[in-house]
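Below: the structure, in C-alpha cells.
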Amino acid sequence: MELLIDGLTKTFQGAAAVDHVTYTMKNGVYGLLGLNGAGKTTLMRMLCTLLKPSDGRIVCNGEDILSGSYGERLSVVYCVDQRGT
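Heads up, the sequence shown is in the working numbering, so the first residue is 1 and it goes up one at a time.
Put into C-alpha cells, the structure is as follows:
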C-alpha cells in the first residue's frame, strides 16, 4: 500500500490548521507528534474522510480517496494517549 498526501491543507475561518502537508507513506507504522493545536487530529480526520480538505489531495494506491470512484474509506487506526503529563 502507498499513501500519498500531497499539499494537504485545511483552514478554519481563514486560519490554517494543516498547511500544505506533503508526505508519502508505505507499509509500516507511523506516528504523529506535535504540540496541542498542531493539526494532528485534523490531519487524521482528513485521512479518514471525516473532514474535507480545503486544498490538496490524498491518494491511496493511485486513486484519490475523496473521489466517488474510490468507493471505500481508507482504513486508519490511531490511538490517543489521554494520561496527560
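For glycine and all other residues, C-beta sits at the position ideal for the given N, C-alpha and C.
Which one of the options has the shortest CA to CA distance from residue i?
| i | options | result |
| --- | --- | --- |
| Val59 | Gly14, Thr24, Ala17 and Gln13 | Thr24 |
| Met44 | Leu32, Asn61 and Asn27 | Leu32 |
| Gln13 | Gly62, Asp64 and Ser54 | Ser54 |
| Glu2 | Ala17, Val29 and Gly34 | Val29 |
Residue i bridges to which residues according to DSSP?
| i | result |
| --- | --- |
| Ile5 | Tyr23 and Ile58 |
| Lys10 | Val18 |
Hey, could you find the ends of the alpha helix (DSSP H) residue i is sitting in?
| i | result |
| --- | --- |
| Lys40 | Lys40 to Leu47 |
Between residue i and residue j, is the Cβ-Cβ spacing less than 8 Å?
| i | j | result |
| --- | --- | --- |
| Lys10 | Thr41 | no |
| Asp6 | Gly56 | yes |
List the whole-angstrom C-beta distance separating residue i from residue j, where the pair is believed to meet the contact cut-off of C-beta under 8 Å.
| i | j | result |
| --- | --- | --- |
| Gly39 | Ala17 | 5 Å |
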